[in-house]
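This report concerns only the one structure given below.
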Amino acid sequence: MFAAVFFCFVFFAFFALYYTSPELYTFFLQERKGTKMWVFMRYRGSYMAAVICVIIFCMFLVYRTPVDEVSEGMCACKDCVRQQTHSFWFNELYDLSIQPLLTRKNYVLSEDIFKYWKGLQKNKKEANYTEVVEQLFSLFPDKTQYSDASPKRCRTCAVIGNSGNLKGSHYGHLIDLHDFVIRINMGPTKGYENDVGSKTTHRFLYPESAMDVDNSTYLVLSPFKILDMEWLISAFTTKNITRTYKKVRPSVNANRQKVMILHPAFIKYVHETWLLKRAKYPSTGFLAIIFALHVCDQVSTFGFGADQYGNWYHYFEKTSHNIRTGAHSGSFEFDTMMQLYLENKIQVYRGR
182 MFAAVFFCFV FFAFFALYYT SPELYTFFLQ ERKGTKMWVF MRYRGSYMAA VICVIIFCMF
242 LVYRTPVDEV SEGMCACKDC VRQQTHSFWF NELYDLSIQP LLTRKNYVLS EDIFKYWKGL
302 QKNKKEANYT EVVEQLFSLF PDKTQYSDAS PKRCRTCAVI GNSGNLKGSH YGHLIDLHDF
362 VIRINMGPTK GYENDVGSKT THRFLYPESA MDVDNSTYLV LSPFKILDME WLISAFTTKN
422 ITRTYKKVRP SVNANRQKVM ILHPAFIKYV HETWLLKRAK YPSTGFLAII FALHVCDQVS
482 TFGFGADQYG NWYHYFEKTS HNIRTGAHSG SFEFDTMMQL YLENKIQVYR GR
């Protein structure tokens, strides 16, 4: 940008000198150009038109360069989530300082975050948070993930919801082309490959929606209470937690080296910043979308929202009865997702 502006300034100043002070310019030109002065004098009108064109071009450069310069080098994709935009809405909400995943380095919670998190799903008897975290990281990896953003990286991510609008969509091949394929809760792939694909790199779940995952898939726990963390520990060790506010699986088959836990501060950030505290807490699906915005360069969503007839149901259910969103604000989450689409931050595939 600096080079473009400097060039424009010199060009404009040179010709401004000629038109504002002909005598001084004539002397300057005679000293520097000699016999070539008659060319400038003869084509004075043409040079004036050229000056105007250059000024307009320079204004265009100055207007366009800020966003283009920020975009350049952010990632190797055509468009990058992290690039600066003219969207005040997105720039106000998107905060890369919020770390999505829990580690030993960042597990300490401020008083307001801890109070918020404890209020999501209350339990009569709660364990000590610090002790539970110590147990977590004695079992599961304790390392910072996805801090590898660079101009050479183009990480594409697909977040797959469980909406019935995936039925007959034939999105399977397109979904599997993404680097990360993030699935939600118990959404199956077997028998639905043509519509939802077969690839899964991450599975977001919580105790009440747990399922087995294969050895190559990351299990990402969405903890809405301390008991959820205790359940995760139990599921890989004693298997003695069989109930939270409802009956849960005592164990899951998963690769212990591929277990991650969402940070309570990240849940609060999504709920209060992106969803404006609508409903009791965010859905797992919406948490996965914002997670993808933080760790990916391009994000696409599939299987969110109602079908073409306005019905809310799961693609793997035989009946298409409407689903109550319960503690979540399904309509507001969907509207926010569509706003991200309008801001060109994600691609939305609506299905049928």
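So the sequence shown is numbered by the working numbering: it starts at 182 and just counts up by one. Built from N, CA and C at the ideal position, the CB exists for glycine as well.
{"Check": "Buried or exposed for Lys439, going by 16 or more other Cβ atoms inside 10 Å?", "Outcome": "buried"}
{"Check": "Based on DSSP bridge pairs, tell me the residues matched to Val537.", "Outcome": "There is simply no residue 537 to check, as the chain begins at 182 and stops at 533 in what is shown."}
{"Check": "Using a 10 Å radius around the Cβ and a threshold of 16 neighbouring Cβ atoms, would you call Gly345 buried or exposed?", "Outcome": "buried"}
{"Check": "Are the CB atoms of Thr425 and Glu389 nearer to each other than 8 Å?", "Outcome": "yes"}
{"Check": "Give a yes or no on whether the C-beta atoms belonging to Ala473 and Ile363 are separated by under 8 Å.", "Outcome": "yes"}
{"Check": "Does the beta-carbon of Gln489 have 16 or more other beta-carbons within 10 angstroms, so that it is buried, or is it exposed?", "Outcome": "exposed"}
{"Check": "Which residues mark the beginning and the end of the beta strand (DSSP E) in which Tyr530 is found?", "Outcome": "Gln528 to Tyr530"}
{"Check": "Where does the unbroken beta strand (DSSP E) through Thr337 begin, and where does it stop?", "Outcome": "Thr337 to Ile341"}
{"Check": "Which whole-angstrom value describes the C-beta separation of Ser443 and Leu402, a residue pair presumed to lie in contact below a C-beta threshold of 8 Å?", "Outcome": "At residue 443 the sequence reads Leu, which differs from the Ser that was named. The Cβ separation is near 7 Å, so the contact holds."}
{"Check": "In or out: His383 buried (at least 16 other Cβ within 10 Å) or exposed?", "Outcome": "buried"}
{"Check": "Mind reading off the beta-carbon distance from Thr370 to Leu456? Whole number of angstroms is fine, and I expect it under 8 Å.", "Outcome": "Going by Cβ atoms, the distance from Thr370 to Leu456 rounds to 28 Å, so no, they are not a contact pair."}
{"Check": "The ligand SAH and Ile471: does the residue's C-beta get closer than 7 Å to at least one heavy atom of that ligand?", "Outcome": "The ligand content of the structure shown is nil, which means the ligand SAH is not present either."}
{"Check": "Do you know offhand how far Met441's Cα is from Thr284's?", "Outcome": "9 Å"}
{"Check": "Using three-state DSSP, classify Ser344 as helix, strand or coil.", "Outcome": "strand"}
{"Check": "Given that a residue counts as buried once 16 or more other Cβ atoms are within 10 Å of its Cβ, and exposed if not, what is Ala378?", "Outcome": "Sequence inspection shows Gly at residue 378; the Ala mentioned does not correspond to that position. It counts as buried."}
{"Check": "For Leu408, which of Asn396, Lys427 and Tyr399 has the nearest alpha-carbon?", "Outcome": "Lys427"}
{"Check": "Can you grab the Cα-Cα spacing for the pair Lys324 / Asn287, in whole Å?", "Outcome": "11 Å"}
{"Check": "Suppose you measure from the CA of Gln265 to the CA of Glu514; what does that come to, to the nearest Å?", "Outcome": "23 Å"}
{"Check": "Give the single residue among Val529, Gly466, Ala460 and Phe483 whose Cα lies nearest to the Cα of Gly300.", "Outcome": "Ala460"}
{"Check": "Among the residues of its own chain, which have a CB less than 6 Å from the CB of Ser481, if the five just before and after it don't count?", "Outcome": "Ala339 and Gln528"}
{"Check": "Which of the three DSSP states, helix, strand or coil, is assigned to Thr284?", "Outcome": "coil"}
{"Check": "Grouping DSSP H, G and I as helix and E and B as strand, with all else coil, what is Phe195?", "Outcome": "Confidence in Phe195 is poor, its pLDDT being 42 and thus under 50, which makes the residue's placement unreliable; the coordinate value appears in the next sentence. DSSP places Phe195 in helix when its eight states are reduced to three."}
{"Check": "Can you say whether His359 is buried or exposed, counting buried as having 16 or more other CB atoms within 10 angstroms of its CB?", "Outcome": "buried"}
{"Check": "Tell me which residues share the same chain as Ile294 and place their Cβ nearer than 7 Å to its Cβ, disregarding the 5 neighbours each side in the sequence.", "Outcome": "Pro445, Ala446 and Lys449"}
{"Check": "Taking all protein chains shown into account, do 16 or more other C-beta atoms lie within 10 angstroms of the C-beta of Val262, making it buried, or fewer, making it exposed?", "Outcome": "buried"}
{"Check": "Below 8 Å CB to CB, which residues in the same chain sit around Ser510 once its five sequence neighbours on both sides are set aside?", "Outcome": "Leu456, Arg459 and Ala460"}
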